[in-house]
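Novice:
Numbering (full-length UniProt numbering), first residue to last: 1 to 169.
1. For residue 53, which of helix, strand or coil comes out of DSSP?
2. Along the chain, which unbroken stretches of the beta strand (DSSP E) at least 3 residues long are found entirely within the region 22–46?
3. Please name the residue in 76, 103, 41 whose C-alpha comes closest to that of residue 147.
4. For residue 135, tell me which candidate among 150, 149, 116, 161 has the shortest Cα-Cα distance.
5. Taking the beta strand (DSSP E) that residue 120 belongs to, which residues open and close that run?
6. Any idea which residues DSSP pairs residue 62 with across the strands?
7. Assuming the contact rule is C-beta atoms closer than 8 Å, residue 31 and residue 18 should be a hit. Round their C-beta distance to whole Å, please.
8. DSSP three-state call for residue 19: helix, strand or coil?
9. Considering Cα atoms alone, identify which of 114, 129, 122, 153 is closest to residue 143.
10. Nearest to residue 54 by CA position, among 42, 35, 63, 43, is which residue?
11. In this structure, how does DSSP classify residue 93 when only helix, strand and coil are distinguished?
12. Within its chain, find whatever has a CB closer than 7 Å to the CB of residue 40; leave out the 5 residues flanking it on each side and keep chain order.
13. Could you check the C-alpha separation between residue 145 and residue 158 for me, to the nearest Å?
14. Look up residue 143 in the DSSP assignment and say whether it is helix, strand or coil.
15. Alpha carbon to alpha carbon, how far is residue 75 from residue 167?
16. Report the partner residues of residue 135 according to the DSSP bridge assignment.
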């Protein structure tokens, strides 16, 4: 168990944690039973909304950016929470994230999801990588790897080309 005193969490999990991720002000852990426990500031994803908590079953991967968390379930669906503008809200891409995701990459305030069909889906703070609409036609297939800075992302394609988006500086 984790004990919370004020805004700070103290204590430890005695056992049963498979993975842990951290935002700027919160932690989240994948438990041995593939559920998620979070603690820390609610402004950084430390409090999981109850509706979201019930969806966090069979979690295989947990990734954090500065303000939010995103989890990949065994079905390939993505569940996210935290600051809406930084990727805690997936409503604009929810259909694309409903299946087939196997990996997530995080920049400072955005996420990118690699799918089994080699396409890439982005969401979060648009200027810092969450909006890839200007290059979307290049991200529909053949993406093999994604790198990021704090405010931009770049995708490597099968043919060796690179597609980049986000802040130029």
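Ideal placement from N, C-alpha and C gives every residue a C-beta, glycine not left out.
This structure is a prediction, so every number in the text was calculated from the model and none was measured.
Specialist: According to the structure shown:
1. In this structure, DSSP gives residue 53 a helical state, which the three-state scheme calls helix.
2. You should have 26–31, 36–40.
3. The shortest C-alpha separation from residue 147 is found at 103.
4. That would be 161, whose Cα lies nearest to the Cα of residue 135.
5. Here the beta strand (DSSP E) through residue 120 covers 120–124.
6. DSSP output for residue 62 lists 71 as bridge partner(s).
7. Between the beta-carbon of residue 31 and that of residue 18 there is about 7 Å, and that keeps the pair under the 8 Å contact cut.
8. Strand at residue 19.
9. When C-alpha distances from residue 143 are compared across 114, 129, 122, 153, the shortest belongs to 114.
10. Checking every option, the nearest Cα to that of residue 54 belongs to 35.
11. If DSSP states are grouped into helix, strand and coil, residue 93 belongs with coil.
12. Take residue 40, set aside five residues on each side of it, and the residues of its chain with a beta-carbon closer than 7 Å to its own are 9, 25, 26, 27, 46, in chain order.
13. If I take the Cα positions, the gap works out to 9 Å.
14. It is a strand residue.
15. For residue 75 and residue 167, the distance between alpha carbons rounds to 32 Å.
16. Per DSSP, none; premise fails for residue 135.
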